[in-house]
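Just so we're aligned: 202 in our numbering is position 202 of the sequence shown, and the numbers increase by one with no gaps anywhere. Note that the Cβ used here is the ideal one computed from N, Cα and C, for glycine as well. Note sheet for the following structure.
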Amino acid sequence: MQPEQGKSNLERALNGEYRFDFKALFNNSQDLYKSNLLTFIKAVGMLLLIGVASTLVLMSVFNVDTSSVEGMQNSPVGMIDIIMLVIMSPLLAGFRMLGVKLSANQQADVSELSAYFSLTLALVTLNLLTSLLVQLGFMLLILPGIYVYLVTQFAVVILAEQRAGVIQSIILSAKVVNRYLLPFLLLLILFVLLFTLVFLTMGLAIFWVGPIYSLVLGQLYNDLFGTQSDITSQPPSQDSLLDA
């Protein structure tokens, strides 16, 4: 969807002028998935391989006893979670950016997964902060947690693509999504239903559901925010990314 002359996608989005077309979003995503099938199979496969292998190695290093509940409780699960967050944050940001770039008809391949390791500290900080906010929200009768999850959907992509700061990325994501809470809630419900296919197919459906999720949100990011925004004119350092 092209912006009106003199108006950016972001300005239109903040004015509430964007109109959701779920049929077009999913049809376009399916077409992009088919035309980039091998790329997505490689990308999802690499994420699964790295995630599983890293978990097994860490469990071995920390001598995690999975044979009993008591053994699991006495193991340093928290430390393992933090290390996995460090490993997976830039990879998952790359997967989201793969959807953004392909949706914008830009050249992108599986190497996109490794393109954001320089932002690891900022991405980990962002993920920890949003995770904490979501958990606090769920403690407050669940609905606030769902709300926080919805409005922070694009924070990772804003940070990765625009090199915005952590707080700035969260705020900008929230400002835009707040204008379209009902469509995003419907989209969340739809993807929750789709992700049940992953369990029903013993994990195989992730090779389709994961890419479709990335592509749909990639299209929405392009439509609502545009790419290469002028939030920052020069790529900042890690320290500036951590600033508000």
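For the pair of segments examined, the stretch 122 to 133 was found to touch the stretch 85 to 96: the number of CB pairs separated by less than 8 Å reaches three. V209 is a Cβ neighbour of F195, given a cutoff of 7 Å. Each residue's CA atom was taken as its position, placing Q106 and L190 some 27 Å apart.
Rounded to the nearest angstrom, the Cβ distance from L119 to A160 is 6 Å, consistent with a contact under 8 Å.
A43 has its alpha-carbon roughly 13 Å from the corresponding atom of A115. In the three-state DSSP reduction, V64 falls in the coil class, being neither helix nor strand. The C-alpha of Y180 is placed about 14 Å away from the C-alpha of Y149. With fewer than 16 other Cβ atoms from the protein chains shown falling within 10 Å of its own Cβ, A24 counts as exposed. In this structure, DSSP gives T201 a state outside helix and strand, which the three-state scheme calls coil.
Counting only residues of its own chain and dropping the five nearest sequence neighbours on each side, I50 has a CB closer than 8 Å to the CB of I87, M88 and L91. Collapsing the DSSP output to three states places E112 in a helix. Around the CB of A53, fewer than 16 other CB atoms lie within 10 Å, so the residue is classed as exposed.
Selection R163, L56 and L102 evaluated against A122 yields R163 as nearest (Cα-Cα). Counting only the Cα atoms, I142 lies some 28 Å from T201. Around N222, the same chain offers N9, V100, S103 and A104 as residues with beta carbons nearer than 8 Å, after the five sequence neighbours per side are excluded.
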